[in-house]
Amino acid sequence: MAEVDAAVERLKAAHYVVVIYDGAELGALGAELVQGLVKDLNLVTRATTLPAPGPYQGRAANLVSAWTTGGPLRVGFGRGYPAFDPWAYDADRLVASGEADAVVWVAPLGPDLPAWEGRRPTVALVAPGTAVDADVVIEVGVPGVHHGASIVDDLRDGFAWIEPSAPADLPTAAAVLDGIAARLAPHRRGGHA
Numbered sequence: 000m001a002e003v004d005a006a007v008e009r010l011k012a013a014h015y016v017v018v019i020y021d022g023a024e025l026g027a028l029g030a031e032l033v034q035g036l037v038k039d040l041n042l043v044t045r046a047t048t049l050p051a052p053g054p055y056q057g058r059a060a061n062l063v064s065a066w067t068t069g070g071p072l073r074v075g076f077g078r079g080y081p082a083f084d085p086w087a088y089d090a091d092r093l094v095a096s097g098e099a100d101a102v103v104w105v106a107p108l109g110p111d112l113p114a115w116e117g118r119r120p121t122v123a124l125v126a127p128g129t130a131v132d133a134d135v136v137i138e139v140g141v142p143g144v145h146h147g148a149s150i151v152d153d154l155r156d157g158f159a160w161i162e163p164s165a166p167a168d169l170p171t172a173a174a175v176l177d178g179i180a181a182r183l184a185p186h187r188r189g190g191h192a
């Protein structure tokens with residue numbers, strides 16, 4: 000194709016190529032293909048990627064996962080150590096297969112519960128006033144709105160402390176999860192968290 004040949008020549012002639020992409024739109028295989036393209040481009044010029052930031056602090060979650068476990072999200076801790084496995088820890092697959100028989104949905108920033116809502120007992124930690132069909136709904140503060148938070152700021156391209164814009168006496172999602180974990184502690188199997 001003439002267009003593809005023209006694109007290749009333009010990219011090879013560039014001093015610095017930035018491939019901007021939306022990981023949610025491309026999916027895992029598409030993102031791998033983008034990384035392969037950039038690797039190949041770096042043989043003839045300079046190139047990098049710039050993934051478009053996703054909503055709901057997904058980038059923040061991936062960064063935290065990377066620096067605490069050494070890998071991106073879809074990490075399990077059931078074996079007592081972090082294990083990265085995108086297939087094994089795919090929430091949609093776990094619910095559809097019946098492997099997951101309960102769900103904790105942590106979403107103070109959104110999004111809505113997924114399409115499998117109601118198929119498993121669900122505990123939802125959501126922003127005040129969020130209409131959600133879950134077995135247990137716990138309203139939590141929104142980071143940067145009801146309480147201060149360190150979140151990814153796209154303008155700064157990194158983490159930034161955000162003061163609350165409308166402080167409220169609501170628990171953080173972390174405080175609720177800590178409370179749940181503390182109550183489960185005596186019931187842990189195999190000594191793992």
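Counting in numbering that gives the first Met the number 0, the sequence shown runs from 0 upward without gaps. No residue lacks a Cβ here, since even glycine has one placed at the ideal position from N, Cα and C. Treat the numbers as computed from the prediction; the structure is a model and nothing was measured.
Rounded C-alpha distance that separates residue i from residue j
i, j, result
"Gly-178", "Ala-5", "59 Å"
"Val-103", "Asp-134", "10 Å"
"Trp-115", "Thr-44", "45 Å"
"Gly-97", "Trp-86", "15 Å"
"Ala-123", "Gly-22", "26 Å"
"Arg-92", "Val-37", "31 Å"
"Leu-176", "Leu-169", "14 Å"
"Leu-42", "Gly-75", "36 Å"
"Pro-201", "Pro-71", "Outside the modelled stretch of the chain, which goes from 0 to 192, sits residue 201, for which no answer is possible."
"Met-0", "Leu-32", "19 Å"
"Leu-49", "Val-63", "18 Å"
Which residues DSSP lists as bridging residue i, in chain order
i, result
"Glu-138", "Val-125"
"Arg-45", "Tyr-15"
"Pro-107", "Gly-109"
"Ala-82", "Gly-75"
"Val-102", "Thr-121"
"Pro-166", "Beta-bridge pairing links Pro-166 to no other residue."
Buried versus exposed call for residue i [16 or more other C-beta atoms within 10 Å across all chains shown]
i, result
"Leu-28", "exposed"
"Gln-56", "buried"
"Pro-107", "buried"
"Ala-101", "exposed"
"Val-7", "exposed"
"Ala-192", "For Ala-192, the predicted structure reports a pLDDT of 48, less than 50, and the residue's modelled location is therefore unreliable. A value from the coordinates is still provided. Ala-192 comes out exposed."
"Val-17", "exposed"
"Thr-121", "buried"
"Val-3", "exposed"
"Ala-59", "buried"
Residue of the options minimising C-alpha distance to residue i
i, options, result
"Pro-142", "Gly-35, Val-43, Pro-113 and Ala-172", "Ala-172"
"Lys-11", "Ile-19, Asp-39, Asp-100 and Asp-156", "Asp-39"
"Pro-166", "Val-139, Gly-35 and Leu-154", "Val-139"
"His-145", "Glu-24, Gly-69 and Val-125", "Val-125"
N-terminal and C-terminal residue of the beta strand (DSSP E) that residue i is part of
i, result
"Asp-152", "148 to 152"
"Trp-160", "157 to 161"
Span of the alpha helix (DSSP H) around residue i
i, result
"Val-63", "57 to 68"
"Asp-177", "172 to 183"
"Val-94", "90 to 96"
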